[in-house]
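Protein chains: 2
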Amino acid sequence: MASADLFKRQGYAATSMRQLAKAVDIEPSSLYSHIQSKEEILQTICFEQAEKFTKFIEWIAEQDDSPIEKIKAILLHQIQIACDDSTSITVFNDEWKHLNEEHLKTFLISRKTYESLFIEIINQGVQQNVIKDVDPKIVFNTLLSSIKWIHFQSNKNAANPNNFSQIVDLILGGILN
Amino acid sequence: MASADLFKRQGYAATSMRQLAKAVDIEPSSLYSHIQSKEEILQTICFEQAEKFTKFIEWIAEQDDSPIEKIKAILLHQIQIACDDSTSITVFNDEWKHLNEEHLKTFLISRKTYESLFIEIINQGVQQNVIKDVDPKIVFNTLLSSIKWIHFQSNKNAANPNNFSQIVDLILGGILN
DNA sequence: GTCTATACGATGATAGAC
DNA sequence: GTCTATCATCGTATAGAC
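Read top to bottom, the protein sequences are chains C and P. The opening residue of the first sequence carries number 0 in numbering that gives the first Met the number 0; numbering runs sequentially from there. The opening residue of the second sequence carries number 0 in numbering that gives the first Met the number 0; numbering runs sequentially from there.
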């Protein structure tokens, strides 16, 4: 999608319908045969990604794997998507605040659900004594945040599939030798 | 600064001069007695923060501390600032891409300088065998990224000074027990 | 589904009086 | 340094012909 690319580079608010139209080589008004509003584009991108993540964590949560294996799988999944579709992920990460009031509300609920499922897994790890007994919210935020640079990489540099598990091990095990 | 607060909440592009004016209770045109353009406000915020970070890492780099101590100090400093002035830090982190061509160029050079100094410290740690031998750019990005959630915290929750060293230890040592 | 034409409010910024 | 008045441009979106 050309719109995700523009939203990623310029941000949602700084991207006009005129630019969007030029990117797909039609007149601005013609866009409205495909969409109802500019916000609808943003909404589609954000909720597509949100659903992807939520479905995965819901699936992982009910597997028989250990908490550590589950967290590894989630991080690997996130990294994979950040590489495969870096534009949509950037929009999902950085532009959701421009959703309209109604969509924003739904979006935040969805994030909260995701957080709860993740924190449940962390708590299991703490109980089993394989994860440090630190505030689970800190662990959650640190884990998710630590991979939010990959989608900015210009390409295949630090963030190619060969490095995926290396990155996950770094995050889980720390940088200390 | 009221402008940093609006830029944080709505983003630079979505914030108008009229809103900025209302926030300080004057007419929009009166703003131009204090600034030359909207972009100048953004520029001031971004470069103030950039200078703060650069000065600190330059100072740390020439200390006698071990690489790990240096990295700890840098992360603690970043966390401290993220708590003290979360609005400016959010603008610095997320809105710099709206700088004009000339300022953007300077800004990116400044970031590159910062990255080089940080990576040098990481490399020292790797040579001394106290830091894992992973691509230093991955380590750099992961470390810096992992604290980029603190400035979003509503307040004093997970991110109060008592937790600072806990967070740093988590990042350096990983979540594994 | 695409076009031309257009509505019309919002945008950043300026001129000039006080 | 603040105001009122204003400018030119761009913003999203619609109407209606083809």
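Virtual Cβ for every residue (Gly too), placed ideally from N, Cα, C.
Contacts with chain P (Cβ-Cβ distance below 9 Å) from the stretch 96-117 of chain C involve Lys96, His97, listed in chain order. Taking 9 Å as the CB threshold, P/Gln42 stays off the interface with chain C. By the neighbour-count definition (other C-beta atoms within 10 Å, threshold 16), C/Val23 is an exposed residue. Contact between P/Phe139 and P/Glu114 holds: their C-beta atoms lie close to 6 Å from each other, under 8 Å. Contact between P/Thr86 and P/Asp4 is confirmed by a C-beta separation of about 5 Å, below the 8 Å threshold.
Around the CB of P/Tyr31, fewer than 16 other CB atoms lie within 10 Å, so the residue is classed as exposed. Within chain P, the residues whose beta carbon sits less than 7 Å from that of C/Ala13 are Ala12, His97, listed in sequence order. In the three-state reduction of the DSSP assignment, C/Ile25 falls in the coil class, being assigned neither a helical nor a strand state. According to the DSSP secondary-structure assignment, P/Leu175 is paired through a beta bridge with C/Ile130. Between C/Val133 and chain P, the shortest Cβ-Cβ separation is below 9 Å. What C/Ile166 touches in chain P, judged by beta-carbon distance under 8 Å, is Ile137, Thr141, going in chain order.
Contacts with chain C (Cβ-Cβ distance below 9 Å) from the stretch 68-84 of chain P involve Ile70, listed in chain order. Using a Cβ-Cβ distance cut-off of 8 Å, the stretch 78-94 of chain P and the stretch 43-62 of chain P are in contact, since at least three pairs of beta carbons, one from each stretch, lie closer than that value. Contact with chain P is found for C/Asp93, since one of that chain's Cβ atoms lies less than 9 Å from the residue's Cβ.
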